[in-house]
Amino acid sequence: MLKAFLAFFMAFASTAMAQDGTIYPLEAPAEPNAILLGTGGVENQPAPETWFRQWGDPMARNISTATLTPFLPEPGKANGAAVIVAPGGGFSWLSMGNEGWEVAEALAAQGIAAFVLKYRLNPTPESLEDFSAWMNRPRTPAPAPSSEGSGSNTTPAPPQRDLSNQLADAEAAYAMIVNRAEEWGVDTDRIGMIGFSAGAGLTMHSTLHSKTMKLAFIGPIYGGMGPVEVPKNAPPMFNVIATDDFLFRGQFGIIDSWYKAGIPVEFHLYQNGGHGFGLGNPNRTSNRWFEAFIHWLDVNKFMVAK
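Residue numbers (mature numbering (1 follows the signal peptide of the UniProt record, and there is no 0)): -18 to -1, 1 to 288.
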C-alpha cells in the first residue's frame, strides 16, 4: 500500500502545476502503517493537522500527534541496520515525501529498515491562506560569518529552540524500534538517525541531549553548521551540505567539533544543490550523496552484523 501511495504522490510531482512554489491544499493521506508514539499533544495548538503540497511534495503541518511509519526491506534482503528518518520543515511543517517516505524507500531497497518519524510541530495559522502569507513574510537575513579566523567558530550560535516535544518523539521512536527489534529484524547495536534541515537539527539535538538514545551513527543532511560540544560517546557522523545552501555560509564548525573530539566524521560539501534537495534535484552535484552515504555505512560495517 505504501508503494502505491508513493507512486500516487510521485505522479502528482510530475504535473506542471505542482512544480512551482505555490502552496496547494492536499487531503490528508490515510497513512495505514503509521504507529502512534503516545507522546502527548502540543500546548496552545487549536488547529488540526492539515496537509499541503509545494514543489510537488506532500507536506504536513500543525502536527500534534507523533507517529512512526516503518519501511521494512523485502524478506531475505534485510541486513539488520535501521535508520530513523526525520524530515525537515523548520519545525513548522514536515516534508513527508521528499525528506521522509522517498528516503525511507531508498534505504529499505538497500536492506536497511527505515522508520519515518512524524514529530510534533510548532503551531502555524489554521487557514491555508494565512499560512501561505506567513510562509511568504519578509525575513531578516542571518548575519554573515565573521571574516576573522577560519569561520568555524566565529558565528554566534542562534537562540536555542525548545525541542522538548521533538526530542520526546525521537526517544519514543528509538524505544519502539528497540522493543520491536526482533519483529522488525533490527540489530539494536546498529540503529542510526538521519535528518534533513530541521530534521538534521533534531538528529543533532538527540545526539547531544538524549539520555536514552544510543545511536550507532548519525547523518545530518543540510543542517546547521555551527560548532557544538561533542559528547564523549558521540556516534560517527556523515554530514552533507551544498555551498549554495543558506545554512552553509562558509562554516565548518560542526565538522571541526567532531574532528577535534576524535570521533569519525565524513563531510561532503557539494558545489550546488541549494536547500531541501532530498535525494536529489536535476543537474546538481549533490545528487550522489545517498550513494556516498550507503558506501560510508558499508565501509564502516554498519550494513553487517558485528
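Cβ coordinates follow ideal geometry from the N, Cα and C atoms, glycine included.
From residue i to residue j, what distance separates their C-alpha atoms?
{"i": "leucine 76", "j": "alanine 95", "result": "21 Å"}
{"i": "phenylalanine 284", "j": "threonine 32", "result": "37 Å"}
{"i": "tryptophan 240", "j": "glycine 232", "result": "17 Å"}
{"i": "proline 120", "j": "isoleucine 236", "result": "29 Å"}
{"i": "valine 286", "j": "alanine 63", "result": "8 Å"}
{"i": "tyrosine 101", "j": "alanine 243", "result": "30 Å"}
So, is residue i buried or exposed, given that buried needs 16 or more other C-beta atoms within 10 angstroms?
{"i": "proline 138", "result": "Low confidence applies to proline 138: its pLDDT is 49, below 50, so where it sits in the model is not reliable enough to give any reading."}
{"i": "threonine 4", "result": "exposed"}
{"i": "proline 209", "result": "buried"}
{"i": "lysine 214", "result": "exposed"}
{"i": "arginine 270", "result": "exposed"}
{"i": "serine 188", "result": "buried"}
{"i": "leucine 54", "result": "buried"}
{"i": "valine 281", "result": "exposed"}
{"i": "tryptophan 83", "result": "buried"}
{"i": "leucine 184", "result": "buried"}
{"i": "leucine 190", "result": "exposed"}
So the beta strand (DSSP E) residue i belongs to, where does it begin and stop?
{"i": "lysine 100", "result": "95 to 100"}
{"i": "alanine 91", "result": "No beta strand (DSSP E) holds alanine 91; the alpha helix (DSSP H) holding it covers 84 to 91."}
{"i": "residue 308", "result": "Only positions -18 to 288 of the chain appear in the structure, and residue 308 is not among them; the question remains open."}
Could you please give the first and the last residue of the uninterrupted alpha helix (DSSP H) stretch that includes residue i?
{"i": "glycine 174", "result": "From DSSP, glycine 174 is part of no alpha helix (DSSP H) but of the beta strand (DSSP E) over 173 to 178."}
{"i": "isoleucine 276", "result": "271 to 281"}
Under three-state DSSP, which class holds residue i?
{"i": "methionine 219", "result": "strand"}
{"i": "histidine 257", "result": "coil"}
{"i": "arginine 35", "result": "strand"}
{"i": "methionine 41", "result": "strand"}
{"i": "tyrosine 204", "result": "coil"}
{"i": "residue 290", "result": "No information on residue 290 is available, as it lies outside the stretch -18 to 288 that the chain covers here."}
{"i": "methionine -18", "result": "In this prediction, methionine -18 has a pLDDT of 40, which is less than 50 and means its spatial position is unreliable; what the coordinates show is noted afterwards. Coil at methionine -18, not helix or strand."}
{"i": "alanine 224", "result": "strand"}
{"i": "threonine 189", "result": "helix"}
What does a CB cutoff of less than 6 Å around residue i pick up in its chain, not counting 5 residues either side in sequence?
{"i": "leucine 89", "result": "Val65, Ala96"}
{"i": "glutamate 248", "result": "Phe220, Trp278"}
Taking 7 Å as the cut-off, does the CB of residue i come closer than this to any heavy atom belonging to the ligand ZN?
{"i": "glutamate 248", "result": "Although the ligand ZN was asked about, the structure shown includes no ligands whatsoever."}
Keeping to the same chain, check which residues put their C-beta closer than 8 Å to that of residue i; ignore five residues upstream and five downstream.
{"i": "glycine 72", "result": "Ser179, Ala180"}
{"i": "glutamate 153", "result": "Ser188, Ser192, Thr194, Met195"}
{"i": "aspartate 227", "result": "Tyr204, Gly255, Gly256, His257"}
For chain D, find out if any of its Cβ atoms is closer than 8 Å to the Cβ of residue i; answer yes or no.
{"i": "threonine 49", "result": "Here there is only one protein chain, and chain D is not present."}
If I measure Cβ to Cβ from residue i and keep anything under 7 Å in the same chain, skipping five residues before and after, which residues do I get?
{"i": "aspartate 151", "result": "Leu19, Thr21, Ala48, Leu99, Tyr101, Arg102"}
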